Amino acid sequence: MIYITHILLIMAAIWDIKKMEVPLTISVMLYLVHTCELLSSNYWKIDFIGMILCFSIFAFAMIWSNIGGADALIAGVIGYNLGLYGLYAIILALCICIPYLLYMHVKHKEHDYPFVPFLTVGYFIVYFISKKAGL
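Residues in the sequence shown are numbered consecutively from 0, following numbering that gives the first Met the number 0.
What follows is the structure, encoded as structure tokens:
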């Protein structure tokens with residue numbers, strides 16, 4: 000089931016790069032896939048807390064910035080999949096995004112940019128490190 004999550008996240012990132020939006024169906028499918036995984040797990044409380052925290056960060060950021068709703072939903076999915084480690088994925092995504100923003104600022108090419116690809120990369124890094132460490 001985790002492979003379905005990975006494929007859907009990659010699809011969301013590609014869709015965000017091409018069209019600057021992510022279909023709601025992909026976000027809903029991501030939540031449903033992980034919910035099915037949690038039916039046989041005891042970690043649902045931590046995953047739910049991670050989802051609320053990660054989604055809340057982006058929901059509040061949507062008020063003051065130009066962050067899209069899909070970014071908040073995907074951040075929630077990341078928190079739902081990684082639990083509290085989802086916060087690390089978001090921080091990592093922001094750190095990966097900073098050099099891109101600086102480059103675009105220096106080249107005077109500032110524009111709206113897709114953030115889901117950065118979230119996806121942050122997710123994969125934290126996911127593989129946590130699996131390698133056995134967390």
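Even glycine gets a Cβ: it sits at the ideal position worked out from N, Cα and C. Bear in mind the structure is a predicted one, so any value in this text is a computation, not a measurement.
(request) Please say whether Y122 and L8 have beta carbons closer to each other than 8 Å? (result) yes
(request) Would you check if the distance between the CB atom of V21 and the CB atom of I89 is smaller than 8 Å? (result) No, they are not a contact pair.
(request) Measure the beta-carbon distance from G85 to I77 and round it to whole angstroms, keeping in mind my assumption that it falls under 8 Å. (result) About 5 Å; that satisfies the 8 Å criterion.
(message) Alpha carbons only, please: which of L81, L37, L31, A11 is nearest the one belonging to L52?
(response) Distance check between L52 and each of L81, L37, L31, A11 places L81 closest, using alpha-carbon atoms only.
(message) Can you find the residues in the same chain that come closer than 8 Å, C-beta to C-beta, to F54, ignoring five residues on each side of it along the sequence?
(response) A71, L72, A74, G75, G78
(request) Check whether the Cβ atoms of I56 and F114 sit closer than 8 Å, and answer yes or no. (result) no
(message) Let me make sure I understand the geometry here. Which of Y112, I1, I62, H107 has the alpha-carbon closest to that of Y30?
(response) I1
(message) Suppose only complete runs of 4+ residues qualify. What are the alpha helix (DSSP H) ranges in the stretch 29-82, listed by chain order?
(response) 43-63, 68-81, all fully within the stretch 29-82.
(request) Just the C-alpha distance for L101 and A60, rounded to the nearest angstrom, thanks. (result) 20 Å
(message) Could you tell me the alpha carbon to alpha carbon distance between M19 and Y112, rounded to whole angstroms?
(response) If you take the alpha carbons of M19 and Y112, they lie about 7 Å apart.
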